[in-house]
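A.B. asks: First, the structure itself, so that you have it in front of you.
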Amino acid sequence: MRRSTRLFEIIQILRAAHGPVTAQALAARLEVSARTVYRDIAALQAMRTPIEGEAGLGYVMRRGYDLPPLNFDAEEVEALRVGLAMLSRTGDSALQQAATRICHKIDALHAPADWLQISTWGAPLDDPARGCVSKSLLRGAIRDERKLRLTYRDDCGVETQRVVRPLALIYFVDSTLLAAWCELRAGFRHFRTDRIWTCDPLEAFFAGQGAALRQILRDSDQPDAALVTT
Numbered sequence: 180m181r182r183s184t185r186l187f188e189i190i191q192i193l194r195a196a197h198g199p200v201t202a203q204a205l206a207a208r209l210e211v212s213a214r215t216v217y218r219d220i221a222a223l224q225a226m227r228t229p230i231e232g233e234a235g236l237g238y239v240m241r242r243g244y245d246l247p248p249l250n251f252d253a254e255e256v257e258a259l260r261v262g263l264a265m266l267s268r269t270g271d272s273a274l275q276q277a278a279t280r281i282c283h284k285i286d287a288l289h290a291p292a293d294w295l296q297i298s299t300w301g302a303p304l305d306d307p308a309r310g311c312v313s314k315s316l317l318r319g320a321i322r323d324e325r326k327l328r329l330t331y332r333d334d335c336g337v338e339t340q341r342v343v344r345p346l347a348l349i350y351f352v353d354s355t356l357l358a359a360w361c362e363l364r365a366g367f368r369h370f371r372t373d374r375i376w377t378c379d380p381l382e383a384f385f386a387g388q389g390a391a392l393r394q395i396l397r398d399s400d401q402p403d404a405a406l407v408t409t
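Heads up, our numbering is the position in the sequence shown plus 179, with the first residue counted as 1.
If you want it as structure tokens, here you go:
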């Protein structure tokens with residue numbers, strides 16, 4: 180997580196908290212060390228963010244520090260709620276956590292709408308404990324145009340090692356596909372994320388090529404039936 184993103188998350192956690200939050204609790208939420216949290220808090224306080232407290236006692240956000248009001252009408256707010264709730268179908272745990280944070284911000288400005296309910300049935304959750312690679316890792320590699328080394332098992336259980344240039348994530352109702360340029364096959368391939376058993380970012384990048392490769396992929400007009408990876 181980038182430092183700017185982490186500082187923003189600290190602010191949001193403290194805004195939503197009902198009491199002091201310790202550095203250890205913040206560190207656990209952000210997956211960093213407590214020492215990193217202490218440095219981040221000091222940086223925010225130096226920027227005159229109204230955070231009060233100290234190490235060992237916990238931190239609170241002084242009342243009155245808030246985001247500007249969301250200028251959405253009732254229909255737009257309900258559209259946001261439904262769209263965010265439907266992220267539960269993607270199996271993308273990082274996006275689900277982000278959606279929850281956004282919903283908390285909406286709830287702070289609008290009355291809750293528990294009558295809007297969405298079925299959570301969808302793609303398998305990317306639980307690393309069960310061998311499912313994090314979709315957040317894949318999205319990060321796409322943004323950074325960074326090559327990945329994959330261990331992939333097809334529907335027959337055949338396992339191959341691939342080095343790919345990740346280009347896009349495609350969310351279907353019951354699965355998520357990684358679209359990529361596969362160096363093993365020298366062509367575009369689609370990989371079901373629940374069949375990617377290992378995924379290692381490499382110190383090799385394809386900077387400046389991502390947009391052009393995506394355009395070539397779109398121009399190839401591959402039908403959905405061609406999404407089988409070989």
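For every residue, glycine included, the Cβ atom is placed at its ideal position computed from N, Cα and C.
1) With H, G and I counted as helix, E and B as strand and the rest as coil, what does DSSP make of ARG368?
2) Taking ALA273 as part of the alpha helix (DSSP H), name the residues at either end of that continuous run.
3) For the pair the segment 322-331 and the segment 374-388, tell me if three or more CB-CB distances fall below 8 Å.
4) Report the residue from ARG214, ARG268, GLU231, GLU255 whose alpha carbon sits nearest the alpha carbon of PHE351.
5) Quick one: using the 10 Å Cβ neighbour count with 16 as the cut-off for buried, is PHE187 buried or exposed?
6) In three-state DSSP terms, what is LEU316?
7) Is ASP398 helix, strand or coil by DSSP?
8) At which residues does the alpha helix (DSSP H) containing VAL211 begin and terminate?
9) Quick one, are the C-beta atoms of THR330 and THR377 less than 8 Å apart?
10) Give me the Cα-Cα distance between PRO199 and VAL342, rounded to the nearest whole angstrom.
11) Which residues in the same chain have their Cβ closer than 6 Å to the Cβ of ASP133, if we skip the five residues on either side of it in sequence?
12) Which value, in whole angstroms, describes the spacing of the CA atoms of GLY237 and ARG182?
13) Under 8 Å between the Cβ atoms of ARG260 and LEU288?
C.D. replies: The short version:
1) strand
2) 272-288
3) yes
4) ARG268
5) exposed
6) helix
7) helix
8) Here VAL211 belongs to no alpha helix (DSSP H), and DSSP marks it neither H nor E.
9) yes
10) 46 Å
11) Residue coverage of the chain in this structure runs from 180 to 409, which leaves residue 133 outside it and unanswerable.
12) 21 Å
13) no
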